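Asks: Sequential numbering from 37 applies to the sequence shown in the numbering used here. No residue lacks a Cβ here, since even glycine has one placed at the ideal position from N, Cα and C. The structure displayed is predicted, hence computed values, not measured ones. Structure in structure tokens, see below.
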Amino acid sequence: MDLKSLETKLNTSVDRIGIWWLIGAAVATIVLWQVPYGHYILYPFSILATWFHEMGHGLAAILLGGDFRKLEIFANGSGRATYTYSGNLFLGRIGRAIVAAAGLLGPPIAGAILILASRSFKTASISLKILGGFLLFSVLIWVRSLFGIVAILLLGLIILGIGIKGNRWFQGFSIQFLGVQACISTYNQLDYLFSPTAGPLGISDTAQIQRALIIFPYWFWGGLIAVASLVILVQSLRIAYKQ
């Protein structure tokens, strides 16, 4: 048996989730955007995207030598990660820029991981359990706003429950729908990428990148991150469904 035949046999032996499910998840999202009150249905996924965003900041700070103090999520969908630099953050100004960018890239990276996990029913189930468990873990360690505690606790329990008790069809659709929601969240708030402020929460992440690197305006970094988010999505789709 030649290498190509062996690869074909291995691929057909994997219990795959078809790309049409992913397309269905994307179409469902577009429809919900258009129908009255559809944004209320998508509200829990906006909160989840905020969690991905703030966790991106916090985990990047930890990896670069800082300290992730707390995570706050508010009812209007905004959030805030509080972290310190514990002396000199590794890589100095570049490290500060990386931490700021990690929040913006957190949702598309998480979405790409979920899409890659949707290649088979087995990995979909495992990924739902891991995501649900980590949501609950974050409530214990970092989440400190009352709304955030309740919202993330409920999301964690629901996702974990789907991973444990859901049937294969529902698990497969859920992991792909969550992946799509995370990936497109960057474009749901595209104006934030090109804004120097974050309202009462201070300056925006792109403005923080500008301040740290002292080169190029905030809108340049916003455009770069928008392009990077699209590349992450396209590449995850190519890898997950190249067959």
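Identify the continuous beta strand (DSSP E) that holds F104 and give its terminal residues.
Replies: Element bounds for F104: 103-109.
Asks: Tell me where the beta strand (DSSP E) around G115 begins and ends.
Replies: Note, G115: beta strand (DSSP E), 115-120.
Asks: Tell me where the alpha helix (DSSP H) around F252 begins and ends.
Replies: Per DSSP, F252 belongs to no alpha helix (DSSP H) and is neither H nor E.
Asks: Once the 5 residues before and after M37 are set aside, which same chain residues still bring their CB inside 6 Å of it?
Replies: Confidence at M37 is low in this model, with a pLDDT of 48, below 50, so the placement of that residue is unreliable and no value is reported for it.
Asks: To which residues of the same chain is S163 closer than 7 Å at the C-beta, ignoring the five residues directly before and after it?
Replies: Within the same chain, S163 has close Cβ partners L150, A153, I211.
Asks: Who does I239 pair with in a DSSP beta bridge?
Replies: I239 is bridged to T233.
Asks: My output table needs one value for M37: the three-state DSSP class, helix, strand or coil.
Replies: Annotation note: pLDDT 48 at M37 (below 50); position unreliable, coordinate value reported separately. Three-state result, M37: coil.
Asks: Taking the alpha-carbon positions, what's the D103 to V270 distance?
Replies: Each residue's alpha carbon lies about 33 Å from the other.
Asks: Tell me the DSSP secondary structure of V186 in three-state form.
Replies: Residue state, collapsed to three classes: helix.
Asks: Check S210 in the structure and name its three-state DSSP category.
Replies: It is helical.
Asks: Hey, out of L189, A243, I261, whose CA is closest to T222's CA?
Replies: For T222, the nearest C-alpha among the options comes from I261.
Asks: Three or more C-beta pairs closer than 8 Å, one from the stretch 160-177 and one from the stretch 228-243: is that the case here?
Replies: Flag = no, the stretch 160-177 and the stretch 228-243 do not touch.
Asks: Please classify D227: is it buried, with 16 or more other beta-carbons within 10 angstroms of its beta-carbon, or exposed?
Replies: Answer is exposed; the Cβ neighbour count stays below 16.
Asks: Just to confirm the assignment, what range does the alpha helix (DSSP H) spanning K278 have?
Replies: Unbroken run through K278: none, as it is neither H nor E.
Asks: What is the residue span of the alpha helix (DSSP H) that P72 lies within?
Replies: Careful: P72 lies outside any alpha helix (DSSP H) and carries neither H nor E.
Asks: Does the contact criterion of 3 or more C-beta pairs under 8 Å hold for the stretch 194-211 versus the stretch 175-182?
Replies: Judged by Cβ distances under 8 Å, the stretch 194-211 makes no contact with the stretch 175-182, as fewer than three pairs qualify.
Asks: From which residue to which residue does the alpha helix (DSSP H) around G131 run?
Replies: It spans 129-153 - the alpha helix (DSSP H) in which G131 sits, taken as one unbroken run.
Asks: May I ask which residues mark the beginning and end of the alpha helix (DSSP H) holding G168?
Replies: Here the alpha helix (DSSP H) through G168 covers 157-177.
Asks: With DSSP run on the structure shown, which of helix, strand or coil describes L46?
Replies: Since pLDDT at L46 reaches only 32, below the 50 mark, its modelled position is unreliable, and the value read off the structure follows with that caveat. It is helical.
Asks: Within this structure, are the beta carbons of E90 and A117 separated by less than 8 Å?
Replies: Going by C-beta atoms, E90 is nearer than 8 Å to A117.
Asks: With distances taken Cα to Cα, identify the nearest neighbour of L189 among R204, I251, V267, L171.
Replies: Of the candidates R204, I251, V267, L171, the one whose C-alpha sits nearest the C-alpha of L189 is L171.
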